[in-house]
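Asks:
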Ligand code: PHE
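Residue numbers (our numbering): 10 to 353.
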């Protein structure tokens, strides 16, 4: 009996030293400690057949073996857990996998793409400018000299003077209109461009965010008229909202256009007046107008020869109208329950 105990002990030590993973350890447990056919169970059974004297002598050896087997196995299992997983965290390969949700692009990105597509179709070029702008491009070249009261229409984030450009007067651009100037400076007519991008204002409520997105449009050539502006806006709005609608222009003031206007679309939610159009039948879209001669002079164009129109609109506003969203902040909270509703 003692020799069998010795043999089993040696075989167990050998097997345990060779066991490299969880499966191997489990197999050893079954082979040696298994309740039905384990080698130790066999020994215990045989022990019962022995005479009482022999049983006493062999019993201790079998018991020592049992302690050795159990302890060594437990230690080996604990070591393996420690090295393979975080403590207490075991891989259960029978659990169903966690499906990867395919991503979608953000609703603002989607609407931005649609707007670009529509203007590219109409032959516009895509332009861009910096988000950190100089006072000159954001205001002055747009006919808003220092202390001009029109600057108050846009609550601005001013930046500390740059150490290398102390006079530049840096700020976060309040609109995409500075791209008008940058484009007019770098090329000659005909100019036909749109610029889409991020703009910043010190403003925050359900329809205003301090960071939002605008589209700027500019067309300059000989013989450009207000009719071209209206036709362009109407075509664009019909395409973007995918329905027949009309444009209404109301006189308004922006220092860089003359005449200036705000434009509305006929309400896309009702025919006779609803809460979204506040009973008026029209929904505000943005600002527009004919390029002011003072702007042409700043960039060295002859205002007698050239004319042009410009317009601006908010991408969030279009996305909100298109999808019936009433709180602008939903766009920036990154809540997947919201974002998941816009499969690309
Ligand atoms: N830049 C103006 C704004 O953000 C909108 C605008 C653009 C008005 C072009 C006229 C022409 O308020």
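A virtual CB, placed ideally from N, CA and C, is assigned to each residue, including glycine.
Please identify the residue among 69, 245, 266, 65 whose C-alpha is closest to the C-alpha of residue 294.
Replies: If we check each option's Cα against that of residue 294, 245 comes out closest.
Asks: Whole angstroms are fine: how far does the CA of residue 30 sit from the CA of residue 140?
Replies: Roughly 56 Å between the two C-alpha positions.
Asks: Does DSSP classify residue 217 as helix, strand or coil?
Replies: Note: residue 217 maps to strand in three-state DSSP.
Asks: Do you know how far the Cα of residue 103 is from the Cα of residue 185?
Replies: Near 55 Å, if we compare the C-alpha coordinates of residue 103 and residue 185.
Asks: Look up residue 256 in the DSSP assignment and give the residues it is bridged to.
Replies: Looking at the DSSP assignment, residue 256 forms a beta bridge with 274.
Asks: Figure out for me which residue from 325, 75, 337 has the closest Cα to the Cα of residue 206.
Replies: Ranking the options by Cα distance to residue 206, first place goes to 325.
Asks: Can you tell which of 243, 265, 248 has the C-alpha that lies nearest to the C-alpha of residue 255?
Replies: Nearest of 243, 265, 248 to residue 255, Cα basis: 243.
Asks: With a threshold of 7 Å on Cβ separation, who are the neighbours of residue 288 within its own chain once the five nearest residues in sequence on each side are excluded?
Replies: Same-chain partners within the cutoff: 282.
Asks: Is residue 73 helix, strand or coil by DSSP?
Replies: Three-state DSSP puts residue 73 in a helix.
Asks: Comparing C-alpha positions only, which one of 133, 176, 158 sits nearest to residue 199?
Replies: Cα-wise, what sits closest to residue 199 is 133.
Asks: Let's see if you can read the secondary structure: which residues bound the beta strand (DSSP E) around residue 194?
Replies: No beta strand (DSSP E) contains residue 194, which is instead part of the alpha helix (DSSP H) from 187–195.
Asks: Let's see if you can read the secondary structure: which residues bound the alpha helix (DSSP H) around residue 351?
Replies: No alpha helix (DSSP H) holds residue 351; DSSP gives it neither H nor E.
Asks: Out of 18, 306, 264, 339, which has the shortest C-alpha to C-alpha gap to residue 213?
Replies: Per the Cα distances, 339.
Asks: Cβ of residue 299 within 8 Å of Cβ of residue 260?
Replies: No, Cβ-Cβ distance for residue 299 and residue 260 is not below 8 Å.
Asks: Kindly examine the ligand PLP and report whether one of its heavy atoms sits closer than 7 Å to the Cβ of residue 222.
Replies: Inclusion of the ligand PLP in the displayed structure is not the case, the ligand content consisting of the ligand PHE alone.
Asks: Where do the N-terminal and C-terminal ends of the beta strand (DSSP E) with residue 299 fall, by residue?
Replies: Where residue 299 is concerned, the enclosing beta strand (DSSP E) stretches over 291–300.
Asks: Could you give the C-beta distance for residue 25 and residue 81, rounded to a whole number, given that I count them as a contact under 8 Å?
Replies: Correct: roughly 6 Å between the Cβ atoms.
Asks: What residue range is occupied by the uninterrupted beta strand (DSSP E) comprising residue 179?
Replies: Note, residue 179: beta strand (DSSP E), 179–181.
Asks: Taking the Cβ atom as the reference point for each residue, do residue 79 and residue 42 lie within a distance shorter than 8 Å?
Replies: Yes, the pair counts as a contact, with Cβ atoms nearer than the cut-off.
Asks: Does DSSP classify residue 138 as helix, strand or coil?
Replies: It is coil, neither helix nor strand.
Asks: Who are the Cβ neighbours of residue 191 in its own chain at under 7 Å, not counting the five residues just before and after it?
Replies: Only 138, 146 meet the Cβ criterion.
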